[in-house]
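Worksheet: the structure to be examined is printed underneath.
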Amino acid sequence: MQDDKQEATTTLYDAVGGDAAVRALTSRFYALMDTLPEAAACRAIHPASLAHSEEKLYEYLTGWLGGPPLYTDKRGHPMLRRRHFVAPIGQAERDGWLLCFTRALEETVASQQLRAIILEPVTRLAHHMVNQA
Numbered sequence: 291m292q293d294d295k296q297e298a299t300t301t302l303y304d305a306v307g308g309d310a311a312v313r314a315l316t317s318r319f320y321a322l323m324d325t326l327p328e329a330a331a332c333r334a335i336h337p338a339s340l341a342h343s344e345e346k347l348y349e350y351l352t353g354w355l356g357g358p359p360l361y362t363d364k365r366g367h368p369m370l371r372r373r374h375f376v377a378p379i380g381q382a383e384r385d386g387w388l389l390c391f392t393r394a395l396e397e398t399v400a401s402q403q404l405r406a407i408i409l410e411p412v413t414r415l416a417h418h419m420v421n422q423a
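If you count the sequence shown from 1, you need to add 290 to reach my numbering.
This is how it looks when you write it as structure tokens:
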């Protein structure tokens, strides 16, 4: 006998609030990067306009959190480390990026538990992206 009940799976994307929440997170992230003195080294390795970078992060996070695979549909496999080799990423750039992401996450995601779930692998990834001594 087969059970006809289907258990609904909630993705992180849905749990944080879907598209509007990911847009708010990425928008706040880049606003912080553009203004925080502690993020100056990270900001310096970005183009003058952050619009394209913001859109790419929005697309990536949408899929990574379990939403539509916007990034991979447009650009293929993320290969994040390879795509970032053109930018010198050292400790200052990493730390500035993580500061902006952490603050943006704190300001846009109400649940401390969700923030912790998201921040742990993002922090690992940020450390993995370092390509300069």
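Yeah, the Cβ is synthetic: ideal placement off N, Cα and C, and Gly gets one too.
Asked	Found
At what residues does the alpha helix (DSSP H) containing Pro358 begin and finish?	Premise fails: Pro358 is in no alpha helix (DSSP H) and is neither H nor E.
With a threshold of 16 other CB atoms inside 10 Å of the CB of Ala298, please say whether the residue is buried or exposed.	exposed
In this structure, how does DSSP classify Val307 when only helix, strand and coil are distinguished?	According to the sequence shown, residue 307 is Gly rather than Val. Note: Gly307 maps to coil in three-state DSSP.
So, at 8 Å on beta carbons, what are the nonlocal neighbours of Ala416 in its own chain, with the 5 sequence-adjacent residues on each side left out?	Arg384, Trp387, Leu388 and Phe391
First and last residue of the alpha helix (DSSP H) that includes Gln422?	Looking at the DSSP string, Gln422 is not in any alpha helix (DSSP H), and its letter there is neither H nor E.
Hey, could you find the ends of the alpha helix (DSSP H) His392 is sitting in?	Just to set this straight, residue 392 is Thr in the shown sequence, not His. From DSSP, the alpha helix (DSSP H) with Thr392 extends over Gln381 to Thr398.
In angstroms with no decimal places, state the Cα-to-Cα distance between Pro358 and Pro378.	30 Å
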